[in-house]
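Numbering (this note's numbering), first residue to last: 586 to 1533.
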């Protein structure tokens, strides 16, 4: 007779430790039921990982699932796994019915990630029970300290539970008692215990593997031949002895008055299931853990190879209750040898959880890869060409992140991923897009459209302005909606230019400030509120203003007092530079008629790609962040961003995100935006390139130069978006990458300790103006017909030693002579930001780059103070700064205060410069005289002469 099928005559059921879709569909499971008497199936992450990751068997199912809508990786896996479990349960249902619910089960494991979380285990088990919706399902729960309470509660709720990762007799007793207590709770609540069953999966072969290793070590150290022989006699015996004694505990636990009371109501004993029965040691029989554990009312779950081996040459006998006293003696001898079985089994539980978690990581990685393949260009592609050394570093770090579960910990808001400071308070951006109230934005957009506004102006700084600016510059004007503008300057000419560009009577103003206390949006609001009041009447002005701010801010109070049309609340746990996918970006988007629903829909695909359940190796945001951070540690800290024409403004947003997040404590990445791509020869070894374009854009010259950079050994990341409608994906990718890079660099990416320093200086200067009517007098280090030059005594001394005399050119030449390899030069201009001035700074910066082969920045103040200013002051001391100021041709008053826009801007420039010099930075300020256009031309000529 077939030995496998004959096991049932000895009271033992055979379950199969294997599951795969084709195996069920081809009728092979049914065949094993018929020929071998198989009465159950177990699954675990390792089994599913091999089935899904090692073949294309599941590609069709994953594709069909995604056709119904994208979903997180864990949900996608669960969808196909549940289908398999349901199919297996249906095949086993006749067995279940014939045996009146005593057998015929299929097991599905809760996520191993929840092994140390009772509440999460219970919630997941309940959900799986509901989703599978089969009476012959068993939900697998680990026998961890946190799993034990879950066993009792889930049993009490009427679930069939398979307790896994059992190694210890002591823990087995606790497991059995938890089951019994759960039955008692079920009955007390009016449930029927005859409807449920449970098994305790007692692992076997892993114990011998661990014990034998320690025995071998002791044998090698022993000098006495008899001691060597005694120790050798224990090899391959401990696991079976342990299991036999557990069975004795089983008989005692499921007898006596307490159990008989439950049995009278129809309760079934919790059977012992021998798991891990495949032989690991080739010196032992391949059916050892079957032949030696045959006993009444037990289960042996066998992998296919073990089942086939036992069918071929297995020997049958009632072995489980043989030599029980000898089994006890074996464990005594083991303890006498100085080997603690308790310590080994405790470690095996931890190892088991880790092994299943590792398998789950591989499984989710395989599913993530298949999902990305199916979705194709619907998710922006990312290709990293990092060179051999950096590639290896990223691979190593990816594995370290996976092993330490850092992606999951990041999503669980574990501040130890970074510096253990307050990072956990600033992670609202992770699930911000999923929380977006689409219906409210759509209703708001309809109301805006109905009022026929011609223009909408965002008044904000930093994260509150740069995200909306990307949207305004990227999306074409929508019919029936206002043109979206952004004002983020206190420059009088720029404020006046904005006023001239709009129709005040038909403009909606969005005052955007997280704290409500930021100087620039407040004075801009005061100015335009006064102008609108003049244009349409003070009683109507408030109706033209919207506030976006955190709950309880000073701006909210002002908005209520002045009768603003609407107040949108930001999420307090989202910092400004991470806020573009929150109301700070979505309100301007809706105002401009951008399809917020579509924007968020596409964004969520990237959120899922970067999710907690996506291992680092398949997680685009994590991969980019690791590459950026590790490159920075290697000295490639100039993150140079190229953005194609359709998304040209994206770099300005990414620049502030990266700089303000990472540039602190003398560390950081210096983002370089707006540099036209050059020949290989103009770049140093401190560059890390990121190239973004849309699928439809192709620039052959640019692509050729990018290839040349890669071939020259520079790390190059290429990101291709499907269309501008997918811009939200890139916002999210870069947010995740920046957070990860911050962890690699060992800093808190959510604070900005050095931004406040410049604000304090500015407040001191404006307070002095309010008191005296003028800013404190400054003394230039040199004054020429074209400009006055300012710096501190230390810088002045160094520059004079380097040849600075009475001319502008000499000071610039001396200043630029301080530029060394791996430095960067930043031009910081407190002037109107317009096309002509952008071109002027761009020409000067490229001249510096091409002659000195260093990275360059061209920034406009005060907007950069809320962006790259943090990195300039707090980041690495590799910057050489040239601040440019000028007298305003015509100033502009701020209603309600003495200080004008020009005075505020001047105070901001001086405050910024003072902090730079106090931090020991190499800084020089050029204050241009007379006509600004002529002054900029003079400065450009002087820079070029200084470079020659």
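Glycine included, every Cβ here is placed at the ideal spot set by N, Cα and C. The structure presented is a predicted model; accordingly, all values stated were derived computationally and were not measured.
Which residues DSSP lists as bridging residue i, in chain order
i            : result
residue 1373 : 1368, 1512
residue 1444 : 1413
residue 598  : 884
residue 1327 : DSSP, once it has assigned bridges, lists no residue as partnering residue 1327.
residue 1351 : DSSP lists no partner for residue 1351.
residue 1337 : In DSSP, residue 1337 forms no bridge with anything.
residue 1468 : 1413, 1510
residue 830  : DSSP lists no partner for residue 830.
Euclidean distance between Cα positions of residue i and residue j
i            : j            : result
residue 1435 : residue 1267 : 5 Å
residue 863  : residue 881  : 21 Å
residue 850  : residue 780  : 11 Å
residue 1472 : residue 1174 : 36 Å
residue 1383 : residue 1444 : 25 Å
residue 1411 : residue 1532 : 15 Å
residue 1290 : residue 1508 : 33 Å
residue 938  : residue 667  : 22 Å
residue 647  : residue 693  : 19 Å
residue 1313 : residue 1185 : 7 Å
residue 878  : residue 747  : 19 Å
residue 1521 : residue 1405 : 25 Å
residue 893  : residue 697  : 29 Å
residue 769  : residue 776  : 9 Å
residue 1124 : residue 1131 : 15 Å
residue 1504 : residue 1029 : 46 Å
residue 800  : residue 926  : 12 Å
residue 871  : residue 819  : 18 Å
residue 1519 : residue 1479 : 28 Å
residue 683  : residue 624  : 11 Å
residue 1080 : residue 650  : 52 Å
residue 739  : residue 885  : 24 Å
Same chain, Cβ closer than 7 Å to residue i, five either side skipped, listed in chain order
i            : result
residue 1236 : 1226, 1228, 1258, 1259
residue 1045 : 1073, 1097, 1098, 1106
residue 678  : 689, 721
Proximity below 8 Å, CB of residue i to CB of residue j
i            : j            : result
residue 603  : residue 1053 : no
residue 1211 : residue 1017 : no
residue 1129 : residue 1093 : yes
residue 1392 : residue 1376 : no
residue 1322 : residue 1209 : yes
residue 757  : residue 812  : no
residue 963  : residue 1190 : yes
residue 1458 : residue 1378 : no
residue 826  : residue 859  : no
residue 1262 : residue 1440 : no
residue 1539 : residue 1155 : Residue 1539 falls outside the range modelled here, since the chain spans only 586 to 1533, and no answer is possible.
residue 856  : residue 883  : yes
residue 1176 : residue 1095 : yes
residue 967  : residue 1302 : yes
residue 1416 : residue 1501 : no
residue 1361 : residue 1353 : yes
residue 1530 : residue 1347 : no
residue 706  : residue 695  : yes
C-beta neighbour in chain D for residue i, strict 8 Å
i            : result
residue 1031 : Judged by its chain identifiers, the structure shown contains no chain D, having just a single protein chain.
Cβ-based neighbour list, residue i, same chain, cut-off 6 Å, excluding 5 preceding and 5 following
i            : result
residue 1387 : 1399, 1402
residue 1469 : 1414, 1511
residue 807  : 813
Sequence-distant residues of the same chain with beta carbon closer than 8 Å to residue i, five excluded per side
i            : result
residue 658  : 949, 952, 953, 956, 1193, 1196, 1198, 1199
residue 1476 : 1077, 1485, 1486, 1487, 1488
### Query
Taking the runs of the beta strand (DSSP E) that are 3 residues or longer, which of them lie wholly in the region 1262 to 1319?
1272 to 1279, 1301 to 1306
### Message
Give the list of continuous beta strand (DSSP E) stretches no shorter than 3 residues that lie fully inside the region 773 to 818.
### Response
783 to 788
### Query
Whole beta strand (DSSP E) runs in the region 656 to 724 with 3 or more residues, listed along the chain?
690 to 694
### Task
Any chance you could list the beta strand (DSSP E) runs of at least 3 consecutive residues sitting entirely within the region 1201 to 1252, in chain order?
1223 to 1228
### 3-residue-minimum beta strand (DSSP E) runs that sit fully inside the region 847 to 925, ordered along the chain
856 to 860, 883 to 887
#### Entry: Those runs of the alpha helix (DSSP H) which lie wholly inside the region 1027 to 1104 and span at least 4 residues
1048 to 1059, 1077 to 1086
### Task
Just list the alpha helix (DSSP H) runs in the region 921 to 992, keeping only unbroken ones of 4 residues or longer that don't cross its boundaries, in chain order.
926 to 960, 973 to 988
### Query
Where in the region 1105 to 1176 do unbroken runs of the alpha helix (DSSP H), each at least 4 residues long, occur, reported from the N-terminal end onward?
1123 to 1126, 1139 to 1146, 1168 to 1176
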